[in-house]
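Read through the structure below, which is laid out as structure tokens, and then see the notes.
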Amino acid sequence: MNWHLQLEKVLFIAHCRFLVYSGIISVGFIFLFFVCFNNYVLPTAPWPSSDLHTVLEKHMQSDGTRAAHTGRTDITANDRQAILDLHNQLRAQVHPPASNMEYMVWDSELERMAEEWAETCMWEHGPASLLPHIGQNLGVHWGRYRPPTSHVQAWYDEVRDYSFPYPQECRPHCPFKCTGAQVCTHYTQLVWATSSRVGCAIHVCYDMKVGEQIWGKAVYLVCNYSPKGNWWGSAPYKPGASCSACPPSYGGVCKNSLCYRGAVPQPELHVTAFMTPLPHPVLTRRQLSENSLRNCPIITLPWTFTAQLVTCDTKLRDQCKGTPCNRYECPAGCVDSTAKVVGTVHYDMRSSVCGAAVHAGVIRNELGGYVDVMPTSSRNQYISSYQNGMLSERYADTSLLHPATPAASAGRGMDVV
């Protein structure tokens with residue numbers, strides 16, 4: 001029997017978890033699940049829209065990866081409007097009602113980046129250089145025609161498994177409640193109050209690898225969001241009377257239960273992180289004196305998530321043993337630790353959790369910070385590099401160079417962006 005007909009609500013492929021809606025698959029981005037092809041240690045600081053624009057422009061000037069078998073890129077003006085309208089319709093109907101839900105507008109830069117990524121036909125989030133700065137939802141389907149809004153609705157329908165964390169539950173850390181093995185992060189990104197810009201792209205991919213299967217003809221939808229949502233430990237919005245807590249820049253205007261300006265919103269800094277300082281110029285070690293550190297604004301918001309305190313010597317393999325990893329709180333000063341860091345961007349499980357985060361630039365050595373980890377399958381080799389004051393080690397499976405040598409196992413690894 002055709003395996004496509006066997007797909008129902010949840011598809012398990014080699015411990016990869018996807019939501020499946022009658023042939024529609026969505027891939028999650030933030031929360032901790034064992035997935036075969038996208039794992040991240042994520043920073044927890046938002047970027048101003050002006051900085052995001054700079055990042056986007058820089059990335060668009062570089063060459064991106066292209067898949068060998070791709071079809072047309074096909075998103076029409078009607079598709080754009082339908083996707084945008086449905087986003088706003090769904091954002092307006094959340095329960096409990098949102099007091100600070102912002103009206104969403106289409107962003108052509110985010111669309112350009114979504115188009116570039118969709119053309120790679122890679123069933124994973126990317127590109128890695130942008131993931132710290134944007135939110136992203138993905139969807140793919142095969143067979144009969146489905147409008148792109150079917151994916152958007154499927155993302156929202158995850159609300160059935162999501163329990164909103166009310167303020168009284170946050171003492172001070174908010175629980176995350178998503179029923180069973182389901183995924184709720186498409187929903188939370190879609191209704192993230194401060195994510196006021198969206199840009200999507202559709203691409204037809206031939207022979208696209210989805211999990212362990214090859215789909216002959218897949219329709220791939222990528223939606224990018226800014227400012228980024230899904231901050232660990234934060235609720236997606238503030239509950240309360242509609243538009244009662246809109247940002248001052250909206251001038252008190254409310255449209256269909258959404259904070260509304262009437263024109264395209266101007267870039268604005270949304271403070272949604274709860275731990276790290278706001279972005280600031282890179283300082284030298286000499287400049288990072290005790291006084292300068294004292295003057296750095298540390299954002300501490302009440303909507304936070306429980307974190308496990310670890311040391312600079314704590315290894316990934318000691319923490320991630322067959323179950324989703326926790327959020328970890330790393331101390332400052334891990335550059336001076338003797339713990340190994342193996343790899344660059346992709347890290348071996350023998351690496352120090354905090355050392356890998358510092359090496360990747362996810363947290364600053366002088367400040368420490370929170371680190372989110374999701375394990376992934378092992379790689380054949382890990383690359384050495386000197387970054388952020390740390391020299392990482394390399395690792396290669398010698399069986400690839402000497403076939404007679406018994407295969408060495410690097411174990412699982414993790415990716416950081």
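Under the numbering used here, the first residue of the sequence shown carries the number 1, and numbering increases by one thereafter.
Glycine included, every Cβ here is placed at the ideal spot set by N, Cα and C.
This structure is a prediction, so every number in the text was calculated from the model and none was measured.
- Secondary structure of V219 (DSSP, three-state): strand.
- Residues of the same chain with a CB within less than 6 Å of the CB of L86, apart from the 5 flanking positions on each side, are T149 and V152 in chain order.
- For Y237, same chain residues with a beta-carbon under 8 Å away, outside a window of 5 residues either side, are V94, A98, S99, N100, M101, V191, W192 and A193 in chain order.
- For K228, the number of other beta carbons within 10 angstroms of its own is at least 16, and it is reported as buried.
- Secondary structure at I363: coil, using DSSP grouped into helix, strand and coil.
- Between V335 and G389, the C-beta spacing is below 8 Å.
- With a cutoff of 8 Å on beta-carbon distance, H173 and A118 are scored as not near each other.
- At a Cβ-Cβ threshold of 8 Å, P247 and C259 count as neighbours.
- Taking a contact as a CB-CB distance under 8 Å, the pair G361 and C312 does not count as one, their CB atoms being some 16 Å apart.
- Here Y225 really is in contact with G135; their C-beta atoms are around 4 Å apart, less than 8 Å.
- Of R80, A82, R91 and Q81, the smallest CA-CA separation from C243 is found for R91.
- Runs of the alpha helix (DSSP H) lying entirely within the segment 95-160 and spanning at least 4 residues, in chain order: 108-118 and 149-156.
- If you draw a straight line from the Cα of V342 to the Cα of I383, it is about 8 Å long.
- Pairing R197 with M104 gives a Cβ-Cβ distance under 8 Å.
- Per the C-alpha coordinates, the member of Y220, P165, C254 and C200 positioned closest to K209 is Y220.
- Rounded to whole angstroms, C200 and S352 show a C-alpha spacing of 36 Å.
- Here DSSP, grouped into helix, strand and coil, assigns I75 to coil.
- By the 16-neighbour rule on beta-carbons within 10 angstroms, V253 is exposed.
- From the listed residues A241, W231 and C205, the smallest Cα separation to W123 is found for C205.
- For the 8 Å CB-CB criterion, G139 and A154 form a contact.
- Non-local C-beta neighbours of A82 in its own chain, meaning closer than 8 Å and more than five positions away in sequence, comprise P147, P148 and T149, ordered along the chain.
- H346: member of the beta strand (DSSP E) spanning H346 to D348, first to last residue.
- If you ignore the 5 residues before and after S392, its C-beta comes within less than 7 Å of the C-beta of V341, V342, G343, T344, H359, S384 and S385, all in its own chain and listed in chain order.
- Counting other Cβ atoms within 10 Å of its Cβ, T76 stays below 16 and is therefore classed as exposed.
- Excluding five sequence positions before and after A332, the CB atoms of its chain that fall closer than 7 Å to its own CB belong to N365, E366, L367 and G368, given in chain order.
- In this structure, A114 lies near V222, with their beta-carbon atoms less than 8 Å apart.
- Taking the Cα of P132 as reference, the smallest distance to any Cα among E111, K177, C121 and W232 is reached at W232.
- Between P239 and Y166 the beta-carbon gap is near 7 Å, inside 8 Å, which marks them as a contact.
- By the criterion of a C-beta distance shorter than 7 Å, Y156 is surrounded in its chain by L90, Y187 and L190, once the five residues flanking it on both sides are discounted.
- Here Q213 is bridged, per DSSP, to V210.
- Annotation: the continuous alpha helix (DSSP H) that includes Y187 extends over T185 to L190.
- Here Q387 carries a strand assignment [DSSP, helix/strand/coil].
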